[in-house]
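If you read the sequence shown in full-length UniProt numbering, its first letter stands for residue 1, the second for the next number, and so on.
Glycine included, every Cβ here is placed at the ideal spot set by N, Cα and C.
Fair warning: this is a prediction, and the values are worked out from it, not measured in the lab.
Take a look at the structure below.
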Amino acid sequence: MLGQLVGCLVQPTVYRTPTPTTLGGGPRCWQWGCRGPVFPPPGFPALGRFAIVPHQRDGLFIPVPAAHFLHQVKQECHFSNGTEWVQYLERHIYEGQETLRFDSDLGEFRALTELSRPEEKAWNSQKDFLQRKQAKAFWVCRHNYRVSERFLVPQQSEPTVTVYPTKTQRLQHHNLLVCSVNGFYPGHIEVRWLRNGQEEEAGVVSTGLIRNGDWTFQTLVMLETVPRSGEVYTCQVRHPSSTSPVTVEWRAQSGSAQSKVLSGAGGFVLGLLFLGAGLLIYFRAQKGKELLAAEAPRWWGELGLCWVSSGYGNALEASLSLSVSCSLEIRNNQLPVLRVET
1 MLGQLVGCLV
11 QPTVYRTPTP
21 TTLGGGPRCW
31 QWGCRGPVFP
41 PPGFPALGRF
51 AIVPHQRDGL
61 FIPVPAAHFL
71 HQVKQECHFS
81 NGTEWVQYLE
91 RHIYEGQETL
101 RFDSDLGEFR
111 ALTELSRPEE
121 KAWNSQKDFL
131 QRKQAKAFWV
141 CRHNYRVSER
151 FLVPQQSEPT
161 VTVYPTKTQR
171 LQHHNLLVCS
181 VNGFYPGHIE
191 VRWLRNGQEE
201 EAGVVSTGLI
211 RNGDWTFQTL
221 VMLETVPRSG
231 EVYTCQVRHP
241 SSTSPVTVEW
251 RAQSGSAQSK
261 VLSGAGGFVL
271 GLLFLGAGLL
281 IYFRAQKGKE
291 LLAAEAPRWW
301 GELGLCWVSS
311 GYGNALEASL
321 SLSVSCSLEI
331 RNNQLPVLRV
341 ET
C-alpha cells in the first residue's frame with residue numbers, strides 16, 4: 001500500500017565537521033567522518049569534546065559530541081500494490097531538520113540544506129556506495145515485506161462521507177460546499193467535486209490528511225461556488241476499501257422550494273399528532289363503555305354465614321357456607337334479587 005512504513009532505523013547521535021581538519025595530530029576528519037585511532041586525541045580543547053566511534057566499513061571513524069546535538073538517520077520502505085513498486089528512502093535529520101536524503105527512485109543523494117552540499121557531492125561520487133544503497137530496496141524492503149505479510153493482516157476502513165454548505169444563504173450567492181470524509185484507512189484517497197456530472201477543479205481546497213489518533217484519517221474538501229436552482233453537486237470519493245466510488249449529492253433549491261418542503265414536512269408532522277390524539281380519545285371512550293356495561297351496582301348484605309359483596313356482569317353466584325346457599329341475580333342493571341336456600 002502506498003505510504004505504508006515497514007521499517008524505520010534511527011542511528012545514534014553523530015556529528016560531522018563542516019571542513020576537513022586534523023585533531024591534534026590524530027585522526028584526519030572531513031565532512032562525513034574521520035580516519036585514525038579510536039580514542040580522541042589528547043590535549044585541550046579536543047579532549048572531552050568528541051568521542052570517536054568506529055564506522056562499519058573501511059576503518060572510518062565518526063566524531064560524536066558529548067551532548068546537545070542530535071542527528072537521526074531514518075530508513076523507510078514504501079510500497080504500492082504489494083511489491084510491484086518499492087521505494088527506499090534514507091533521511092538524515094539534524095536537530096529536527098532534514099538535511100540530506102537518498103531516494104532509490106533517483107539512485108542518488110539530494111541535499112536539502114546548503115550545509116549538506118559537500119556530503120551530497122562526496123557520496124554521489126562513490127558509485128559502488130550508491131549501488132549498495134539502491135540495492136536496499138530489494139534485499140531490505142522486499143525481504144521484510146515477504147516476511148511481514150505472513151502474519152500482518154491488511155487493515156482497511158471505509159470512509160464516511162457527508163456534504164453540507166457552510167452558509168444558509170439564498171441561491172446565486174457565494175457559498176462553500178464541504179465534503180467531509182472521515183474514518184478511512186489507509187490514507188491514500190481521491191476526492192473529487194462534480195457539478196451536474198462534470199468535474200470541478202477551480203475553487204477546490206483541501207485540508208489534507210488529518211490523523212484521528214486511531215490509525216484512521218479524515219479530510220475536508222471544499223468547493224467555492226455560486227449555487228443555482230436545479231444544480232446537482234456530487235462529492236465522489238475513491239478509496240482502496242471500496243471497489244466502487246462513494247458518491248453523495250447536494251441539490252441546490254430555491255427559497256420557495258425549500259419553504260414548500262418545510263411546509264409539507266410540518267403538515268405531515270401535525271397530521272400525525274392529530275391522528276395519534278384522535279386514536280387515543282377513541283380507545284379511551286371504548287374502554288369507558290365496557291367498564292360501565294360490566295360493573296353492576298354494588299350491594300352489601302349479610303345473611304347467616306353467607307356474604308354477598310359485589311356483583312359483576314349480568315349474574316353472580318355467592319359462595320356456599322355450611323348448609324345455607326345464597327345467590328344474587330342482577331338483570332339489565334335493575335335492583336338485585338337475593339335468593340337464599342337452606
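Quick check on residue 220: does DSSP put it in helix, strand or coil?
Translated into the one-based positions of the sequence shown, residue 220 becomes position 220. Here residue 220 sits in strand by DSSP.
Taking the alpha-carbon positions, what's the residue 148 to residue 247 distance?
Your numbering for residue 148 matches position 148 in the sequence shown. Your numbering for residue 247 matches position 247 in the sequence shown. Answer to the nearest angstrom: the Cα atoms are 35 angstroms apart.
What residues in its chain sit with their C-beta under 7 angstroms from that of residue 232, if we drop five residues either side in the sequence?
What you label residue 232 is simply residue 232 of the sequence shown in a count that begins at 1. Once the five neighbours on either side are set aside, the close Cβ partners of residue 232 are 196, 249, 251.
Residue range of the beta strand (DSSP E) that residue 119 falls in?
If you number the sequence shown from 1, residue 119 lands on position 119. That residue, residue 119, is in no beta strand (DSSP E); its alpha helix (DSSP H) goes 117-124.
DSSP on residue 150, reduced to helix/strand/coil?
In the sequence shown, residue 150 corresponds to position 150, counting from 1. Residue state, collapsed to three classes: coil.
Between 229, 93, 161, which has its C-alpha nearest residue 220's C-alpha?
Indexing the sequence shown from 1 puts residue 220 at position 220. When C-alpha distances from residue 220 are compared across 229, 93, 161, the shortest belongs to 161.
Just checking, does the stretch 138-147 make contact with the stretch 187-203 on the three C-beta pairs under 8 angstroms criterion?
no
Between residue 187 and residue 80, what straight-line distance do the alpha-carbon atoms span, to the nearest angstrom?
The count along the sequence shown starts at 1 and reaches residue 187 at position 187. The count along the sequence shown starts at 1 and reaches residue 80 at position 80. C-alpha separation (whole angstroms): 13 angstroms.
In whole angstroms, what separates the C-alpha of residue 235 from that of residue 243?
In the sequence shown, counting from the first residue as 1, residue 235 sits at position 235. In the sequence shown, counting from the first residue as 1, residue 243 sits at position 243. If you take the alpha carbons of residue 235 and residue 243, they lie about 17 angstroms apart.
Among 238, 229, 226, 181, which residue has its Cα nearest to the Cα of residue 210?
Reading the sequence shown from its first residue, position 210 is the one you call residue 210. Selected option, being the one with the closest Cα: 181.
Going by DSSP, what residue range makes up the alpha helix (DSSP H) through residue 228?
Counted from its first residue, the sequence shown places residue 228 at position 228. Per DSSP, residue 228 belongs to no alpha helix (DSSP H) and is neither H nor E.
Contact defined as beta carbons within less than 8 angstroms: I believe residue 98 pairs with residue 112. What is the distance between those atoms, to the nearest angstrom?
Here residue 98 refers to the residue found at position 98 of the sequence shown. Here residue 112 refers to the residue found at position 112 of the sequence shown. Cβ-Cβ separation between residue 98 and residue 112: approximately 5 angstroms, consistent with a contact (criterion under 8 angstroms).
Output yes or no for whether 9 angstroms exceeds the beta carbon distance between residue 157 and residue 216.
Working through the sequence shown from its first residue, we reach residue 157 at position 157. Working through the sequence shown from its first residue, we reach residue 216 at position 216. Yes. Within cutoff.
Could you compute how far the alpha carbon of residue 268 sits from the alpha carbon of residue 173?
The residue you call residue 268 lines up with position 268 of the sequence shown. The residue you call residue 173 lines up with position 173 of the sequence shown. Distance between the alpha carbons of residue 268 and residue 173 is about 31 angstroms.
Once you ignore the five residues that flank residue 179 on each side, which residues in its own chain have a CB closer than 8 angstroms to its CB?
By one-based count along the sequence shown, residue 179 stands at place 179. Counting only Cβ-Cβ distances below 8 angstroms, and skipping sequence neighbours, we find 161, 162, 163, 191, 193, 220, 221, 222, 223, 235, 237, 248.
Opposite residue 100 in the DSSP bridges: which residues?
Within the sequence shown, the letter at position 100 stands for residue 100. Paired residue(s): 92, 111.
Kindly list the residues whose CB is nearer than 6 angstroms to the CB of residue 110, restricted to its own chain and excluding five residues on each side of it in sequence; keep chain order.
For the purposes of this step, residue 110 is identified with residue 110 of the sequence shown, where counting begins at 1. Taken in chain order, the residues that qualify are 101.
In three-state terms, what does DSSP make of residue 203?
As a working note, residue 203 is residue 203 in the sequence shown. Three-state result, residue 203: coil.
Per DSSP, what are the beta-bridge partners of residue 182 in this structure?
Residue mapping note: residue 182 aligns to position 182 of the sequence shown, counting from 1. Note: residue 182 sits in a beta bridge opposite 160, 218.
How is residue 236 classed by DSSP in three states: helix, strand or coil?
Against the sequence shown, residue 236 aligns to sequence position 236. DSSP places residue 236 in strand when its eight states are reduced to three.
Going by beta carbon distance, what residues of the same chain come within less than 7 angstroms of residue 207, once the five residues before and after it are set aside?
Position 207 of the sequence shown, counted from the start, is the residue given in the question as residue 207. Taken in chain order, the residues that qualify are 219, 220.
Could you check the C-alpha separation between residue 285 and residue 273 for me, to the nearest Å?
Working through the sequence shown from its first residue, we reach residue 285 at position 285. Working through the sequence shown from its first residue, we reach residue 273 at position 273. Cα to Cα, residue 285 sits roughly 19 angstroms from residue 273.
Spatial neighbours of residue 212 within its chain, please: CB distance less than 8 angstroms, with the 5 preceding and 5 following residues excluded, ordered by chain position.
Numbered from its first residue, the sequence shown carries residue 212 at position 212. Excluding sequence neighbours, residue 212 sits near 182, 183, 218.
Let me check one thing: in DSSP terms, what residues is residue 177 bridge-paired to?
Taking the sequence shown and counting its residues from 1, the one referred to as residue 177 is at position 177. Per DSSP, 165, 223.
I'd like the span of the alpha helix (DSSP H) that includes residue 134, first residue to last.
Sequence index remark: in the sequence shown, residue 134 carries index 134 (1-based). Residue 134 -> alpha helix (DSSP H) spans 127-136.
Could you check the C-alpha separation between residue 117 and residue 85 for me, to the nearest Å?
Reading the sequence shown from its first residue, position 117 is the one you call residue 117. Reading the sequence shown from its first residue, position 85 is the one you call residue 85. For residue 117 and residue 85, the distance between alpha carbons rounds to 29 angstroms.
Just tell me which of 106, 142, 245, 279 has its CA closest to the CA of residue 83.
The residue labelled residue 83 in the question sits at position 83 within the sequence shown. Ranking the options by Cα distance to residue 83, first place goes to 142.
Thinking C-beta only, is residue 225 closer than 9 angstroms to residue 203?
As a working note, residue 203 is residue 203 in the sequence shown. As a working note, residue 225 is residue 225 in the sequence shown. Taking a C-beta distance under 9 angstroms as the contact criterion, residue 203 and residue 225 qualify as a contact pair.
Out of 104, 283, 134, 189, which one is the CA nearest neighbour of residue 240?
Here residue 240 is taken as the residue at index 240 of the sequence shown, counted from 1. Here the closest residue by C-alpha is 189.
One question on the structure: do residue 71 and residue 89 come within less than 9 angstroms of each other, judged by their Cβ atoms?
On the sequence shown, position 71 is the one that residue 71 refers to. On the sequence shown, position 89 is the one that residue 89 refers to. No, Cβ-Cβ distance for residue 71 and residue 89 is not below 9 angstroms.
Quick check: what's the CA-CA separation for residue 75 versus residue 103?
In the sequence shown, counting from the first residue as 1, residue 75 sits at position 75. In the sequence shown, counting from the first residue as 1, residue 103 sits at position 103. If you draw a straight line from the Cα of residue 75 to the Cα of residue 103, it comes to about 10 angstroms.
Under three-state DSSP, which class holds residue 143?
If you number the sequence shown from 1, residue 143 lands on position 143. Correct three-state label for residue 143: helix.
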